[in-house]
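Visitor: Just so we're aligned, residue 348 is where the sequence shown starts under the working numbering, counting upward by one.
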Amino acid sequence: MKKTLRSAAALMAAAALALSSAPAAARADNPLVQTSYTSDPAPLVYDGVFYMYTGHDADGAKDYVMPDWKCFSSTDMQNWTDHGTILPESTFAWAGENSAWAAQCIERDGKFYMYVTVVPKNGGGRAIGVAVADSPIGPFKDALGKPLCGPDWAFIDPTVFIDNDGQAYLYFGNPNPYYVKLNKDMISYSGSVTKVDMTPEGFGSKADGSRMYVEGPWFYRRGDLYYLLYAANGIPENIAYSTAPGPTGPWTYRGVIMPSEGRSFTNHCGIVDYEGHSYFAYHNGDLPGGNGFQRSVCVEEFTYNADGTIPTIKMSKSGPAQLRPLDPFQKTEAECFCWEEGIETESCSEGGLNIANIENGDYIKIKGVDFGDGADTFTASVASATSGGKIELRIDKADGELIGTCDVPGTDGWQSWQEVSTQVEVSGQHDLYMKFTGESGFLFNVDWWKFSGAGAPVLEEGVLFHSTFERSLDSWSGRGGVSVERSADAFAKGEKSAFVSGRTGAWQGVIRKLSKDFQPGESYSFSAMAMSPEEDTKFHLTLQYTLGEDVIYKKIDSSLAPAGQWVQLCGNDFQLPEDAQDMYVYVETDEGDEDFYADELIGAVSGTDLAEPELIYALPGDVDQNGRISVFDLICAKEGYTEGFSSPRRSKSADTDGNGEVVLNDLVLLQRYLLGSISAFPDSMN
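1) First and last residue of the beta strand (DSSP E) that includes G950?
2) With DSSP collapsed to three states, give me the class of S848.
3) Would you report the Cα separation of A875 and I949, rounded to the nearest angstrom?
4) When the Cβ atoms of the stretch 390-406 are set against those of the stretch 617-627, are three or more pairs found closer than 8 Å?
5) Looking at the secondary structure, which residues open and close the beta strand (DSSP E) in which C616 lies?
6) With A587 and T613 assumed to form a contact (beta carbons below 8 Å), what rounded beta-carbon distance in angstroms separates them?
7) Output yes if chain D places a C-beta closer than 9 Å to the C-beta of V914; else output no.
8) List, from N- to C-terminal side, the alpha helix (DSSP H) runs of 4 residues or more that fit wholly inside the stretch 965-1012.
9) Under the assumption that G715 contacts Q425 (Cβ atoms under 8 Å), give the Cβ distance between them as a whole number of angstroms.
10) Quick check on DSSP: helix, strand or coil for V771?
11) Three-state secondary structure (DSSP) at L820?
12) Does DSSP put S870 in a helix, a strand or coil?
13) Where DSSP assigns a beta bridge to S799, which residues make up the other side?
14) Which residues in the same chain as K349 place their Cβ atom closer than 6 Å to its Cβ, once the five residues preceding and following it in sequence are excluded?
15) Ends of the beta strand (DSSP E) at F550?
16) Just list the beta strand (DSSP E) runs in the stretch 696-769, keeping only unbroken ones of 3 residues or longer that don't cross its boundaries, in chain order.
17) So the beta strand (DSSP E) Q891 belongs to, where does it begin and stop?
18) Tell me whether the beta-carbon of S1062 lies closer than 9 Å to the beta-carbon of F725.
19) With respect to the beta strand (DSSP E) encompassing E691, which residues constitute its N-terminal and C-terminal limits?
20) Where do the N-terminal and C-terminal ends of the beta strand (DSSP E) with K860 fall, by residue?
21) Among E842, A853, E808, which one has its Cα closest to the Cα of G828?
22) Could you tell me if V793 is buried or exposed, where buried requires 16 or more neighbouring beta carbons within 10 angstroms of its beta carbon?
23) If P475 and P505 are in contact, beta carbons under 8 Å, what's the gap, nearest whole angstrom?
24) When the Cα atoms are used, what is the spatial distance from M817 to G775?
25) How should G849 be labelled, buried or exposed, when 16 other C-beta atoms within 10 angstroms of its C-beta is the threshold for buried?
26) Rounding to the nearest angstrom, what Cα-Cα distance links Y573 and F566 in this structure?
27) How many Å lie between M413 and C685 at the Cα?
28) N1006: buried (16+ other C-beta within 10 angstroms of its C-beta) or exposed?
29) Is the number of C-beta pairs between the stretch 654-670 and the stretch 755-762 that are closer than 8 Å three or more?
30) Given a cut-off of 9 Å on the beta-carbon distance, is the pair L966 and L1021 in contact?
31) Using the rule of at least 16 other Cβ atoms within 10 Å of the residue's Cβ for burial, across every protein chain shown, is A839 buried or exposed?
32) Given a cut-off of 9 Å, decide if P524 and K542 are closer than it, judged by their beta-carbon atoms.
33) Apart from the five residues just before and just after D709, which ones in its own chain have a Cβ nearer than 8 Å to its Cβ?
34) Using only CA atoms, which one of Q891, Y944, S824, D376 lies nearest to E842?
35) Closest to P483 by C-alpha separation, out of G617, D429, G757, would be which residue?
36) Is the Cβ-Cβ distance between Y536 and L575 less than 9 Å?
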């Protein structure tokens, strides 16, 4: 997000110097990247992961020296994984050097399209290029071998959005906004580039009569309203926005979202929803040495006003709340952390990145690590071309309690990897600090780490996850921002369960993203136990997934739970839809917002029978599970009797004589009930 008017260069340089006084070293969690200067954030949510695409400001530059685009990702909004440079400007053979300005990435039909700003080698201004990849982290390749739009000095800062009808729009521009309608191939467009008429009603006005809009648009739709956010007001910039009833206007100016602050004379924003929360990304100059040419990406959580307007958002040092604790018993890439001091990242011979350039006293912070009932061993993959050093494992602050020290030897090379371990003693949830110590110079590199011990779950054969909540929340979190915490007040088994509270709607509950172990089109078994202490409650075990642009919900199983009674929700051999993406399972209620408990949440391979008959609550005769008994239940019972029942609950409902199996006599009893020959089923039915 840079100025295109060459006559403004001297003014910008003066502004940069005025805003670049060196700050004290930061210890907060915003900006979200500290290993390099990043700018022009462009968030994307895909397959349950929050991706943040950024520009890259070169260290020490006195102008916009930007060689590539980077990507970072998170699933908890506090710990971010560095994916490094995912698109160097050299990918565009027709582009000049150090001109990798603002960009945005979008997914369509399994492909990822990155729209970028560059300067063509043959001059003429700026241009919009497009690169394509099969993965959100690349590798990307030039889709056209030439500009998509331009060159023109006004063509910068692309933002892209696909509307509900499938039409894609590309907005861009400084000092005016422009748009084109992209074709379905996403690398060509129909019609001509259209300049937006900037009226005072649409984009506001300043005292001198000039319009508020400057550059850096971000375009999206929410409900029936279209939003265009942009850098406004000149130098220093703030973030303002306009809305419209249609994708091309007419626009209505709505005001300033983020005032000018943060030691950078530019700003650039992006908005996206993730797991029921709304997030606003921006950049400032708050890292040590930061200024208008060394910027850093930050993110804040916000809530839309009831009328759809966006509140004023202030920059913070802490960033958004952590969505879920990090599981230390899974292998974690070392380049995933909340904060660092002194380290950098580099390409790793084992794939991905590793942390590097580690010197004495450097550290990384991993936020909200849940050790549950305890960890006793720490293991890491390390490499060193020198004599190595030590990893001090501390909790809650950089000089906090020492829970273990791991010796790192020399391994005869910076990419010669060796696993090292040490004994530790820690339990509960803490911020984890890995402090690196040793002699002078670079000490060692770290590729990954993990803990083991009593807090780690032990899975039975065929079970892909089994969350008992005895040791941790095990990647479960609150759907829609509700509170989920481990509780000893009630439990189906063991001594703990997950307590869900603070709900304002039936759709809110406890949710977990399905890992790559769960493949679309394949069948799996799922189970959950639920209980409401105060009211009779109907629970649903539900699958949420995306299919193209649509978010779809499919019930795995449902059950009425009498107040204070645990019931099982069970779907054996439940088929995940073909082409489903971004899959989650969650427990919700049919109505109401009462607190509830969940326990024994399980996902397993096909063929695993998870049913526990004594915990399956079923109304005798209600085979189709709609809450009443009709001729349709007899049809379902006959179908299940001959072809097999789709769920244990239907089988139990069809077992009208309550002897534990469905035989012909059960169908006769159901038929007699429907004909009025009997008014109730045998008392042996639970």
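Every residue, glycine too, gets a C-beta built ideally from N, C-alpha and C.
Guide: Looking at the coordinates:
1) Translated into positions along the sequence shown, residue 950 becomes position 603. In the DSSP assignment, G950 falls within the unbroken beta strand (DSSP E) covering 943-952.
2) As a position in the sequence shown, residue 848 is number 501, starting the count at 1. Residue state, collapsed to three classes: strand.
3) Taking the sequence shown and counting its residues from 1, one reaches residue 875 at position 528. Taking the sequence shown and counting its residues from 1, one reaches residue 949 at position 602. Our two residues, A875 and I949, have alpha carbons roughly 6 Å apart in a direct line.
4) The count of Cβ pairs closer than 8 Å, one atom from the stretch 390-406 and one from the stretch 617-627, reaches three, so the stretches are in contact.
5) In the sequence shown, the residue the question calls residue 616 occupies position 269. Segment: none, C616 is in no beta strand (DSSP E) and carries neither H nor E.
6) If you number the sequence shown from 1, residue 587 lands on position 240. If you number the sequence shown from 1, residue 613 lands on position 266. With a Cβ gap of about 14 Å, A587 and T613 do not count as contacting.
7) No chain D appears in the structure shown, which is made up of a single protein chain.
8) List check, alpha helix (DSSP H) in window: 978-990, 995-1001.
9) Numbered from its first residue, the sequence shown carries residue 715 at position 368. Numbered from its first residue, the sequence shown carries residue 425 at position 78. The pair is a contact, with the Cβ atoms about 6 Å apart (cut-off 8 Å).
10) Your numbering for residue 771 matches position 424 in the sequence shown. DSSP places V771 in strand when its eight states are reduced to three.
11) Stepping through the sequence shown from its first residue, residue 820 is reached at position 473. DSSP places L820 in coil when its eight states are reduced to three.
12) One-based indexing of the sequence shown puts residue 870 at position 523. In the structure shown, S870 sits in a strand (DSSP, three-state: E or B).
13) For this step, residue 799 is matched to residue 452 along the sequence shown. DSSP output for S799 lists T724 as bridge partner(s).
14) Along the sequence shown, one-based indexing puts residue 349 at 2. Summary for K349: the model assigns pLDDT 31, below 50, so the residue's position carries little reliability, and this model does not support an answer.
15) As a first step, residue 550 must be located in the sequence shown, where it is residue number 203. From DSSP, F550 is part of no beta strand (DSSP E) but of the alpha helix (DSSP H) over 547-550.
16) Here the runs fully enclosed are 700-703, 710-717, 722-731, 736-742, 748-755.
17) Looking up residue 891 in the sequence shown gives position 544. 884-894 is the extent of the beta strand (DSSP E) around Q891.
18) A question about residue 1062 goes unanswered here, because the residues of the chain that appear run from 348 up to 1033.
19) Residue mapping note: residue 691 aligns to position 344 of the sequence shown, counting from 1. Per DSSP, E691 belongs to the beta strand (DSSP E) from 691-694.
20) Taking the sequence shown and counting its residues from 1, one reaches residue 860 at position 513. Where K860 is concerned, the enclosing beta strand (DSSP E) stretches over 857-860.
21) On the sequence shown, residue 828 is found 481 positions in, with the first residue counted as 1. Nearest Cα to G828 within the set E842, A853, E808: A853.
22) Against the sequence shown, residue 793 aligns to sequence position 446. Buried, because 16 or more other Cβ atoms sit within 10 Å of the Cβ of V793.
23) Counted from its first residue, the sequence shown places residue 475 at position 128. Counted from its first residue, the sequence shown places residue 505 at position 158. It should be noted that the sequence gives Ile, not Pro, for residue 475. With a Cβ gap of about 5 Å, I475 and P505 count as contacting.
24) The residue labelled residue 817 in the question sits at position 470 within the sequence shown. The residue labelled residue 775 in the question sits at position 428 within the sequence shown. Reading off the sequence, residue 817 comes out as Glu, not Met. Taking the straight line joining both Cα atoms gives about 11 Å.
25) The sequence position of residue 849 within the sequence shown is 502, counting from 1. G849 is exposed by the Cβ-count criterion.
26) Counting from one through the sequence shown, the residue named residue 573 turns up at place 226. Counting from one through the sequence shown, the residue named residue 566 turns up at place 219. About 7 Å.
27) Walking along the sequence shown from the start, residue 413 turns up at place 66. Walking along the sequence shown from the start, residue 685 turns up at place 338. Rounded to whole angstroms, M413 to C685 spans 24 Å at the Cα level.
28) The residue labelled residue 1006 in the question sits at position 659 within the sequence shown. N1006 is exposed by the Cβ-count criterion.
29) no
30) In the sequence shown, the residue the question calls residue 966 occupies position 619. In the sequence shown, the residue the question calls residue 1021 occupies position 674. In this structure, L1021 does not lie closer than 9 Å to L966 by Cβ.
31) Position 492 of the sequence shown, counted from the first residue, corresponds to residue 839. By the neighbour-count definition (other C-beta atoms within 10 Å, threshold 16), A839 is a buried residue.
32) Position 195 of the sequence shown, counted from the start, is the residue given in the question as residue 542. Position 177 of the sequence shown, counted from the start, is the residue given in the question as residue 524. Yes, the pair counts as a contact, with Cβ atoms nearer than the cut-off.
33) Along the sequence shown, read from residue 1 onward, the residue named residue 709 stands at position 362. Leaving aside the five residues that flank D709 on each side, the residues in its chain whose CB is nearer than 8 Å to its CB run, in chain order, E687, E688, G689, I690, K782, F783.
34) Position 495 of the sequence shown, counting from 1, holds the residue named residue 842. If we check each option's Cα against that of E842, Y944 comes out closest.
35) The count along the sequence shown starts at 1 and reaches residue 483 at position 136. That would be D429, whose Cα lies nearest to the Cα of P483.
36) Along the sequence shown, one-based indexing puts residue 536 at 189. Along the sequence shown, one-based indexing puts residue 575 at 228. A distance of 9 Å or more separates the beta carbons of Y536 and L575.
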